Amino acid sequence: MANVGVIGAGSWGTALSVLLDDNGHQVTIWSIDLEEVKMLNEQREHAKKLPGVKLSDKMVITGNLQEAIEGKDFLVLAVPSPFTRATAKKMCPYVAEGQKIVDVAKGIEESTLKTLSQQIEEEIPQADVAVLSGPSHAEEVGRKLPTTCVIGAKTKKTAEYLQKAFISPVFRVYISPDILGIELGGSLKNVIALAAGMADGLGYGDNTKAALITRGIAEIARLGMKMGGKLETFTGLTGIGDLIVTCASVHSRNRKAGYLMGQGKSMQEAMDEVQMVVEGVYSAKAAARLAEKYDVSMPIVTAVNQILFEGKKARDAVNELMLRESKNEHASLPWPDEV
Ligand SMILES: NC(=O)C1=CN([C@@H]2O[C@H](COP(=O)(O)OP(=O)(O)OC[C@H]3O[C@@H](n4cnc5c(N)ncnc54)[C@H](O)[C@@H]3O)[C@@H](O)[C@H]2O)C=CC1
Ligand SMILES: O=C(CO)COP(=O)(O)O
């Protein structure tokens, strides 16, 4: 049994708190929002974000950050990515030397192009930072449906410790040393999922969706490998696995926002309607800037940026993608008659 502090009480922080509580750990969950703290304490359920998922009486819910951090065996950082750096800065004074922090959010900081674990390490240098990612919607984890994830950590010892803490008969956890690949896959897939949602909103079919998923992972892997991520990661749970679920699931916030935009809503209208964080909107510009910096072709990411920020119509963007110059599927494969 471990003492765990979960920082952030949105749908993912709440679902993981319930999982860890079911695993026998003592969980303290913190929210910046005192109304949310009061509501969770009174109702023992996040009715708006995770209806039907009960929080046990044993779980402590607090608005006091120090109480959620001090003396905990490990921390789970579950705030949406736009708040990661500011939250980490506030956490720093209470974090002990070597205290483990598992980041479970997915995003890239637009101004610095840093991943979330890199930001946390900058703000809390004394922490042992790890990540958890994979195809895992909170709504299904909350209902205890079989789910798989990956813990990325700097040492096998930390990875195995966290694997043991999270793993359960309904939540199978693998471990990996490729933190960068895991984080890039997790954040870039959200941008592609916006495009998949737009295709659904436009009334396109399964062929279109399969094309976006397959060409999408090709873009993610091209950039990710140039940045130092590993091919195996992009073909694994935190790469193609998470891309598939986010492009296909009725639970996906990114797919839903894209769907609404495909139906003609503005980016802001779509985000307001989803009412939970749409990370792809925050990571889209960073993805385009990384593509430029590393000189990698990312046509779907470029098209999503044009739709989000330059007023291009989704239908026109799809037409342009279809009419790009003809290509080999894999530029690296040699032709026997050309070698
Ligand atoms: N919801 C899901 O199924 C999954 C979400 N994730 C990732 O986890 C992260 C969180 O996602 P969700 O929980 O779905 O988002 P959410 O939109 O439900 O989270 C909102 C919560 O963030 C906290 N918050 C709001 N403003 C804040 C601020 N200024 N400072 C600190 N905390 C603040 C509050 O507790 C609020 O309830 C995202 O990066 C998402 O991509 C990853 C896997 C699954
Ligand atoms: O990362 C996720 C599932 O693994 C959540 O995706 P959405 O934010 O699109 O719901």
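With our numbering, letter number 156 in the sequence shown gets 152, and the count goes up by one each step, no holes. Ideal placement from N, C-alpha and C gives every residue a C-beta, glycine not left out. These figures come from a predicted structure and were not determined experimentally.
For Val273, no beta strand (DSSP E) encloses it, and the DSSP letter there is neither H nor E. For Val23, the number of other beta carbons within 10 angstroms of its own is at least 16, and it is reported as buried. Closest in alpha carbon position to Thr154, among Val292, Leu71 and Phe305, is Leu71. Scanning its chain for C-beta atoms nearer than 7 Å, with the 5 sequence neighbours on each side dropped, one finds around Asp238 the residues Ser129, Gly130, Pro131, Gly181, Gly182 and Lys185, in chain order. When rounded, the separation of the alpha-carbon atoms in Asn19 and Thr144 is 16 Å.
Fewer than three beta-carbon pairs drawn from the segment 209 to 222 and the segment 271 to 280 are found closer than 8 Å, and the two stretches are therefore not classed as touching. In the DSSP assignment, no residue is bridged to Cys243. Closer than 7 Å to some heavy atom of ligand 1: that does not describe the Cβ of Gly181. For Ile3, the enclosing beta strand (DSSP E) covers residues Asn(-1) to Ile3. For Lys281, the closest alpha carbon among the candidates Tyr200, Gln302, Ala149 and Ala195 is that of Gln302. Here the alpha carbons of Asp124 and Asp174 stand approximately 15 Å from one another.
Close CB contacts of Gly4 within its chain, under the 6 Å cut and outside five residues either way in sequence, are with Ala74 and Val75 (chain order). The segment 49 to 60 makes contact with the segment 25 to 37: 3 or more CB pairs, one atom from each, lie closer than 8 Å. In the DSSP assignment, Tyr170 falls within the beta strand (DSSP E) that extends over Phe167 to Ser172.
Excluding its 5 nearest sequence neighbours in each direction, Thr204 has C-beta neighbours in its own chain below 6 Å: Ala195, listed in chain order. Excluding the 5 residues flanking it on each side, Lys150 has same chain C-beta neighbours closer than 8 Å at Asp124, Val125, Ala126, Pro173 and Ile175, in chain order. If you ignore the 5 residues before and after Lys50, its C-beta comes within less than 8 Å of the C-beta of Val14, Arg40 and Glu41, all in its own chain and listed in chain order. The beta carbon of Asp29 sits closer than 7 Å to at least one heavy atom of ligand 1.
Of the residues His21, Arg320 and Ser322, the one whose Cα lies closest to the Cα of Ser164 is His21. Runs of beta strand (DSSP E) with 3 or more residues, each lying fully within the segment 108 to 189, are found at 124 to 129, 143 to 148 and 167 to 172, listed in chain order.
By alpha-carbon distance to Ala191, the top candidate from Gly6, Arg311 and Asp268 is Arg311. The C-beta of Asp53 has fewer than 16 other C-beta atoms within 10 Å across all chains shown, which makes the residue exposed. Taking 7 Å as the cut-off, the C-beta of Thr24 does not count as close to any heavy atom of ligand 1. Residue state for Gln259 is assigned as coil, using DSSP reduced to three classes. Ranking Ala(-2), Ala217 and His326 by CA distance to the CA of Ala161 puts Ala(-2) first. In this model, Met223 and Arg139 are separated by some 36 Å (Cα to Cα). Distance from the CA atom of Glu228 to the CA atom of Gly148, rounded to whole angstroms, is 13 Å.
In this structure, Leu46 and Thr10 form a Cβ contact; the two beta carbons are roughly 5 Å apart against a cut-off of 8 Å.
Under the criterion of beta carbons closer than 8 Å, Leu158 and Val98 qualify as touching, at roughly 6 Å.
Contact between Ile104 and Ile188 does not hold, since the beta-carbon distance rounds to 14 Å and is not under 8 Å. The closest heavy atom of ligand 1 lies less than 7 Å from the beta carbon of Met272.
Excluding the 5 residues flanking it on each side, Leu304 has same chain C-beta neighbours closer than 6 Å at Met263 and Ala280, in chain order. Gly254 places its beta carbon less than 8 Å from that of Gly193.
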